[in-house]
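Novice: Structure incoming, see below.
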Amino acid sequence: MERAILLKNGDVVSAAKVSRADVLIEGERIAEVRKGIAPGKNVQVFDCSGKLVFPGAIDAHTHMGIPVKGTRSADRFHSGSRAALHGGVTTILDFTHLLPEESLSPSLQRRREEARDCLCDYGLHVNVTRATNDILQEIPELTQQGITSFKVFTTYREAGMMLGYRDIERVAEVVADAGGLLMVHAEDEEVLQTAKRSLDPNSPDPLLHARSRPVEAEAKAVRRLSQIAERTGCPVYIVHMSSRRGLHEAVQAGNLLLETCPQYLYLTEAAYREEMGRMVVASPPLRERADCRALRENLGTTISVLATDHCPFLTADKPPGQPYTDIPNGIGGVETLVPVPLARYLQRDLDVRVLAAVLAENPARIFGLHRHKGRVEEGYDADLAVYDPSSIRSDWFEDRESAADWDAYASMPALFPEYVWRRGELAVHDGHVVMGGPGHFLRAEKPS
Ligand code: URP
Ligand code: ZN
Ligand code: ZN
Numbered sequence: 003m004e005r006a007i008l009l010k011n012g013d014v015v016s017a018a019k020v021s022r023a024d025v026l027i028e029g030e031r032i033a034e035v036r037k038g039i040a041p042g043k044n045v046q047v048f049d050c051s052g053k054l055v056f057p058g059a060i061d062a063h064t065h066m067g068i069p070v071k072g073t074r075s076a077d078r079f080h081s082g083s084r085a086a087l088h089g090g091v092t093t094i095l096d097f098t099h100l101l102p103e104e105s106l107s108p109s110l111q112r113r114r115e116e117a118r119d120c121l122c123d124y125g126l127h128v129n130v131t132r133a134t135n136d137i138l139q140e141i142p143e144l145t146q147q148g149i150t151s152f153k154v155f156t157t158y159r160e161a162g163m164m165l166g167y168r169d170i171e172r173v174a175e176v177v178a179d180a181g182g183l184l185m186v187h188a189e190d191e192e193v194l195q196t197a198k199r200s201l202d203p204n205s206p207d208p209l210l211h212a213r214s215r216p217v218e219a220e221a222k223a224v225r226r227l228s229q230i231a232e233r234t235g236c237p238v239y240i241v242h243m244s245s246r247r248g249l250h251e252a253v254q255a256g257n258l259l260l261e262t263c264p265q266y267l268y269l270t271e272a273a274y275r276e277e278m279g280r281m282v283v284a285s286p287p288l289r290e291r292a293d294c295r296a297l298r299e300n301l302g303t304t305i306s307v308l309a310t311d312h313c314p315f316l317t318a319d320k321p322p323g324q325p326y327t328d329i330p331n332g333i334g335g336v337e338t339l340v341p342v343p344l345a346r347y348l349q350r351d352l353d354v355r356v357l358a359a360v361l362a363e364n365p366a367r368i369f370g371l372h373r374h375k376g377r378v379e380e381g382y383d384a385d386l387a388v389y390d391p392s393s394i395r396s397d398w399f400e401d402r403e404s405a406a407d408w409d410a411y412a413s414m415p416a417l418f419p420e421y422v423w424r425r426g427e428l429a430v431h432d433g434h435v436v437m438g439g440p441g442h443f444l445r446a447e448k449p450s
């Protein structure tokens, strides 16, 4: 007989409503969601009275163990996915990395190998950092195999990752024909180069990182990308939207899908003036309070997805005194993706349904996982997290699972889940990660 679990009397959260119900899990799936389910024989019962039952979150943007400026981001798939589960994230979507001379399919196989000990279910977006005819020809074939999201960069020329707008348009045409989605890191390289010219490249001041990547770069790239979306009909998804100006351009255009990250909602460039300012060097950089406010106000409406861009480094990887141009770019966040926003929403009496939308339902739909993931409903994968609203705390740093030794959110109140299930398997028990076995590689359907 299949394992059966009954969550009694929880407040089940979806984008549409919060409703008191029982949730019956049989094997890997949710069998029933309604009031008054009687516990059958051999059913393990969890009392969820006064607790929130959320769909397992989907972090649509992580970078586990990626090479950056001679080092690697601190979390490999194993520690990063333990951290994810600890915070209620049951699915992560990471990226391939295209080597020189390599084509897309081998880059995908290599990344799948690296992800084989990932404890979350996981999918991969395919980075297209060269746009030769041979590379473009692989895209329709990959969409047949369940890879439907392709990522390009309008910056990182020196790292060999940038495509010009003309090449991005060629990729968009092919992705559109194949029924896929184009993800874009949107900062215009020309604007960045101009800003950089007036700054001392040897200065160790991390604030110069923000000055070298002004909001105009995001705004210009967003404008160009909306034109490409218009001309090609390709669904274009802007990753890590960071600024009010960029947001304004995107809302004016009205044809782009938008993601933001907790760092752009809750941290400001004032952090670059602090002793550990170099640790929050990431691209795009942190902005001003008004930017954070605008992004928070648009979360769940014009901004569909909250994801992390999880890419933490050890303090030793960002030593003091290093020129700002050499600091590896990236911040962690997968472990606190749900706990920090959820604590803030509860403390400010905001509508938690927004979080179910931007952390589960919307990413599931946009990335073609909507038939199995993102909802606490009959027939869906039993990816669930139970939170006790009376357990918000600020002393969680020592309990983290991430391999990183520093955390940008360490001083913030957070609500970590008491229990998490990943496809019906208990992943977190009493706040501790107990998941042992690897997750599934997810084949996406076309975006819905
Ligand atoms: O600084 C960042 N965001 N590093 C990760 C790579 C990227 O641009 O998303
Ligand atoms: Zn990026
Ligand atoms: Zn990223």
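Numbering (this note's numbering), first residue to last: 3 to 450. A virtual CB, placed ideally from N, CA and C, is assigned to each residue, including glycine. Just so you know, these numbers come straight off a predicted model, no measurement behind them.
Taking Cβ to Cβ, would you say Val-55 is nearer than 8 Å to Val-91?
Specialist: It is not a contact, given that the beta carbons lie outside the stated cut-off.
Novice: Beta carbon of Asp-311: closer than 7 Å to some heavy atom of ligand 3?
Specialist: True, at least one ligand heavy atom lies under 7 Å from that Cβ.
Novice: Using 7 Å as the cut-off, classify the Cβ of Ser-285 as near or not near the heavy atoms of ligand 2, replying yes or no.
Specialist: yes
Novice: Please state if the CB of Arg-402 and the CB of Val-20 are separated by a distance shorter than 8 Å.
Specialist: Cβ atoms of Val-20 and Arg-402: not closer than 8 Å.
Novice: If you drop the 5 nearest sequence neighbours on each side, which residues of the same chain put their C-beta closer than 8 Å to that of Val-342?
Specialist: Pro-264, Tyr-268, Tyr-411, Met-414, Pro-415, Ala-416
Novice: For Glu-232, which residues of its own chain have a beta-carbon under 7 Å away from its beta-carbon, when the five flanking residues on both sides are left out?
Specialist: Asn-257
Novice: Could you tell me which residues DSSP puts in a beta bridge with Asp-293?
Specialist: Asp-293 pairs with nothing; no bridge assigned.
Novice: Below 8 Å between beta carbons: does that hold for Ile-149 and Leu-110?
Specialist: yes
Novice: For a minimum of 3 consecutive residues, which ranges assigned as the beta strand (DSSP E) are wholly contained in the region 117-185?
Specialist: 123-129, 151-155
Novice: What three-state label does DSSP hand His-442 in the structure shown?
Specialist: coil
Novice: Count the CB pairs spanning the region 171-186 and the region 138-154 that are closer than 8 Å, and state whether there are at least three.
Specialist: yes
Novice: Report yes or no: do the region 327-336 and the region 281-298 share at least 3 C-beta pairs separated by less than 8 Å?
Specialist: yes
Novice: With DSSP as the reference, label Ile-230 as helix, strand or coil.
Specialist: helix
Novice: Alpha carbon to alpha carbon, what distance is there between Ser-151 and Leu-106?
Specialist: 12 Å
Novice: Measure the alpha-carbon distance for Leu-316 versus Ser-200 and round it to whole angstroms.
Specialist: Going from the Cα of Leu-316 to the Cα of Ser-200 covers about 30 Å.
Novice: In whole angstroms, what separates the C-alpha of Pro-325 from that of Leu-165?
Specialist: 26 Å
Novice: Does the Cβ of His-434 have 16 or more other Cβ atoms within 10 Å, making it buried, or fewer, making it exposed?
Specialist: exposed
Novice: By the DSSP assignment, the beta strand (DSSP E) with Ser-21 in it spans what residues?
Specialist: 20-28
Novice: Straight-line CA distance for Ala-255 to Tyr-239?
Specialist: For Ala-255 and Tyr-239, the distance between alpha carbons rounds to 13 Å.
Novice: Please return the same chain residues whose Cβ sits closer than 6 Å to the Cβ of Val-130, not counting the five positions on each side in sequence.
Specialist: Phe-152, Val-154, Val-173
Novice: For Gly-29, verify whether its CB is less than 7 Å away from any heavy atom of ligand 1.
Specialist: no
Novice: Kindly indicate which three-state DSSP category Asp-383 falls into: helix, strand or coil?
Specialist: Strand, per DSSP.
Novice: With distances taken Cα to Cα, identify the nearest neighbour of His-374 among Asn-11, Pro-57, Asp-397, Ser-51.
Specialist: Pro-57
Novice: Quick one: complete beta strand (DSSP E) runs, 3+ long, within the region 229-316?
Specialist: 238-240, 258-262
Novice: Do His-99 and ligand 2 come close, with the Cβ less than 7 Å from some heavy atom?
Specialist: no
Novice: In three-state terms, what does DSSP make of Tyr-389?
Specialist: Tyr-389 sits in a strand when the DSSP states are folded into three classes.
Novice: Kindly indicate which three-state DSSP category Lys-448 falls into: helix, strand or coil?
Specialist: coil
Novice: Over the uninterrupted alpha helix (DSSP H) stretch that includes Phe-399, give me the two end residues.
Specialist: Per DSSP, Phe-399 belongs to no alpha helix (DSSP H) and is neither H nor E.
Novice: Does the beta-carbon of His-242, which I'm using as the reference point, lie nearer than 7 Å to any heavy atom of ligand 1?
Specialist: yes
Novice: Any heavy atom of ligand 1 closer than 7 Å to the beta-carbon of Gly-332?
Specialist: yes
Novice: Which of helix, strand or coil does DSSP assign to Arg-377?
Specialist: coil
Novice: Where does Gln-195 fall in DSSP's three states?
Specialist: helix
Novice: Does at least one heavy atom of ligand 3 sit under 7 Å from the Cβ of His-211?
Specialist: Between ligand 3 and the CB of His-211, the shortest heavy atom gap is not smaller than 7 Å.
Novice: How long is the line joining the alpha carbons of Leu-210 and Glu-290, rounded to whole angstroms?
Specialist: When the Cα atoms are used, Leu-210 and Glu-290 turn out to be separated by approximately 14 Å.
Novice: So Val-378 and Ser-16 are supposed to be a Cβ contact under 8 Å. How far apart are they, rounded?
Specialist: 7 Å
Novice: So what's Lys-222 in DSSP terms, helix, strand or just coil?
Specialist: helix
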